[in-house]
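Quick note on full-length UniProt numbering: the sequence shown kicks off at 9 and runs consecutively.
Every residue gets a Cβ at the ideal spot worked out from N, C-alpha and C, and that includes glycine.
Here's the structure we're looking at; comments come further down.
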Amino acid sequence: ENVPAVTVMGLGPMGRATVRSLLKAGYAVTVWNRTASKAEDLVAEGAMMAPTVSEALRANEVVILSLTHYEAMYAILSQAEEALAGRLIVNLSSDTPQETREGAQWVEDRGARFLAGGFMSQSDDIEHELSYLFYSGPKALYEEYADLLRPICRPEYLGEDYGLSQLYYQAMLGVFHPFLLSLQQAFATVDAYGADSGDFAAYAEGFAANLGAFVPFVHALHKGDGLEENAGDAMMEASADHVAKTSEAVGVDAPVTRAVRTVYRERLGKSDD
Ligand code: NDP
């Protein structure tokens, strides 16, 4: 029998979800985590725990990393650099494109191959039909291992530049963060006003689902394709001012909206309050 086998290092929520996807697909999964106790329930579910970094690396050709940042990769892999030669390191940790390219080089300098990735998922729900996983790195390498990596999450390969998966991931998160904060601000404002944020949430969900239709519009704006009058700076500044004052009138701070208002004020050449 030829049971596919991989190692997963880093057992935070994403690493744990990765291990479970692979176990479900019938893989032999070796795990390692700095805090070893996080491996216990996964071992009960069928994973094998490697006691050291060296053994975790030597257990399999393909080693998946799911860590807080690239700094953690160095902290872990430097414990057993001699075990890196001949491996494929697939780093699914977040960081900047620059850190990712440097990390790839560091791994390659030690005789291993490298793929970078970034999960696009709502928290650790990587099996959700809307979840996917950006990959970047050498195309031939990606294609060689695409079938093996397939059970983790639906893949989207972006290109040879190692930094691309993190570039797209960070660009997307840059959109997501203000969305998260401003939606929390919206709920707080509706409740503080005395209305029902539960009722509002249903409208907000529909509104958020329709935001996709704005993407081509914003892209056209970015390209300077003559749509500027539809989002004029004066109108946008006034609009942001109304949002901020609506929240502030009921005692809810509106830092994201204040930042938005500042952007438009600066474009208009006004000084901020
Ligand atoms: P966590 O930060 O919860 O866990 C990361 C892992 O990194 C843990 O196993 C932790 O070990 C390890 N780690 C951190 N620093 C070090 C170090 N210096 N040395 C050794 N190990 C270290 O991350 P998540 O599981 O939530 O996420 C993993 C990656 O996926 C992140 O880059 C995140 O940005 C990204 N991501 C997360 C999503 C989410 O919703 N959570 C969604 C999409 C992507 P220990 O257990 O010992 O602390």
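Burial check for residue 180: the Cβ neighbour count within 10 Å stays below 16, so the residue is exposed. Per DSSP, the beta bridge partners of residue 99 are 73 and 124. With a cut-off of 7 angstroms, the C-beta of residue 21 is classified as near ligand 1, since at least one heavy atom of the ligand falls inside that distance. Non-local beta-carbon contacts of residue 130 in its own chain, meaning distances under 8 angstroms to residues more than five positions away in sequence, involve 136, 138 and 139 in chain order. Residue 64 sits close to residue 15, with the two beta carbons spaced by under 8 angstroms. Residue pairing of residue 164 in beta bridges, as defined by DSSP: 142. With a threshold of 7 angstroms, the Cβ atom of residue 208 does not count as near ligand 1, since no heavy atom of the ligand is closer than that. Of the candidates 96, 151 and 260, 260 places its Cα closest to the Cα of residue 202. Exclusion of the five residues before and after residue 199 leaves 205 as the residues of its chain whose Cβ lies within less than 8 angstroms of its Cβ. Here residue 119 is not near residue 98, since their CB atoms are 8 angstroms or more apart. Around the beta carbon of residue 106, fewer than 16 other beta carbons lie within 10 angstroms, which makes this residue exposed. Counting C-beta pairs closer than 8 angstroms gives fewer than three between the stretch 69-87 and the stretch 44-58, which falls short of the contact rule. Assigned with DSSP and collapsed to three states, residue 258 falls in coil, not helix or strand. The beta carbon of residue 13 is closer than 6 angstroms to those of 36 and 68 in its chain, skipping five residues each way along the sequence. Residue pairing by DSSP places residue 114 in no beta bridge whatsoever. For residue 39, DSSP records a beta bridge to 16 and 57. If you draw a 10 Å sphere on the C-beta of residue 60, you find fewer than 16 other C-beta atoms in it, and that means exposed.
Taking C-alpha positions only, residue 279 is separated from residue 266 by approximately 13 angstroms. The three-state reading of DSSP puts residue 82 in helix, counting H, G and I together.
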